[in-house]
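Asks:
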Amino acid sequence: MRIILLGPPGSGKGTQAQLLVQRYGIVQLSTGEMLRAAVAAGTPVGLKAKEIMASGGLVPDEVVVGIISDRIDQPDARNGFILDGFPRTVPQAEALDELLRHKHLKLDAVIELRVNESALLNRVETRVAQMRERGEEVRVDDTPEVLTKRLASYRTQTEPLIHYYSERRKLSTIDGMMAIDEVTRAVHRQLLALGAVEPKTHARSAAKSAPAKKAKATKTATKKAAKKPAKAAKKAAKPAKTAKKAAKKAVKGAKKAAKKTAKKTVKKAAKKTVKKGSKKGPKKVTKKRAKR
Ligand code: ADP
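Following the UniProt record's numbering, the numbering of the sequence shown begins with 1 at its first residue and continues without gaps.
(1) Check whether the Cβ of P160 lies closer than 7 Å to any heavy atom of ligand 1, and answer yes or no.
(2) Taking a contact to mean a Cβ-Cβ separation below 8 Å, would you say T173 touches R114 in this structure?
(3) Go to V110, then tell me how far its beta strand (DSSP E) extends in each direction, as first and last residue.
(4) Using only CA atoms, which one of E137, R78, I111 lies nearest to G7?
(5) Quick check: D84 and L5, are their CB atoms within less than 8 Å of each other?
(6) For V27, report the span of its beta strand (DSSP E) as first-last.
(7) For the alpha helix (DSSP H) that S166 lies in, which residues bound it at each end?
(8) Would you check whether ligand 1 has a heavy atom nearer than 7 Å to the C-beta of G85?
(9) Give the single residue among M1, R2, G14, I3 whose Cα lies nearest to the Cα of R123.
(10) Going by beta carbon distance, what residues of the same chain come within less than 7 Å of L171, once the five residues before and after it are set aside?
(11) Tell whether a beta-carbon distance below 8 Å holds between Q16 and V146.
(12) Among G12, M1, I3, R2, whose alpha-carbon lies nearest the alpha-carbon of residue 342?
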């Protein structure tokens, strides 16, 4: 399976990508991560990208396209991949189309995580705080000023991709404002609908994400409990109908029984029995059964 996650910084692409990696056993190809690694390692690409990234701009298309093309060729990507942060411009999308065609690979879906812009700054601030708590190094571009610039880059250069993929019937938009596990479920449903994943993947992951399931089960139980009084009322109204049905059934049953008896009985005697039986017998049975 090969998918692209599309969305502004803070939309949850990275979080969802990691969850999808666990679920489907495919790799996450994040150009941001790769570039950060290149910067840390001081490679020629890293040296090129360092300042651009720190200021919230976009690294030249040919640089990221080259990185992605090489990465897709690695053996661990053979099973499938999630592109996170790539493509980010229309020329990058065109280059991706070309290189996938060249490698005889098909793109299954482009998932856009749509979020309210007003929530993004808050999300990034939370991420920074959590990273600090864990003692992790905070990204140099996770400041309010640079985030504003990154958002501007997204709007002008990346957002046109929504149109690009929608025109090619590849785009699925998901509400990225929902809780993390709800977004994951929505993505999964979408991938199922597109035929990109097998239905059984769901069961495997459902077992893994037991806590989330438990929470859902509790919710369902609460809902059911709330519905109970209404159900009980309906049940209480039912006996009249049930009795009528039972009576009808009994009449049918009795008629059948009468026929059987008639057949079995010796001809002459049977004639009499049948006359009596069909008049009285079945009716009695009917009443008795109907009472039950
Ligand atoms: P976010 O999605 O939160 O903005 P990323 O980790 O994806 O963060 O990217 C961090 C930075 O890396 C970007 O602001 C940009 O400078 C650079 N970058 C990542 N991917 C690309 C890309 N496909 N094209 C150009 N620059 C990129």
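C-beta: ideal position from N, C-alpha, C; glycine also.
Replies: According to the structure shown:
(1) no
(2) yes
(3) 109-114
(4) I111
(5) yes
(6) 27-30
(7) 160-167
(8) yes
(9) G14
(10) V110, E112, I162, Y165
(11) no
(12) Not covered by the structure: residue 342. The range shown for the chain is 1 to 292.
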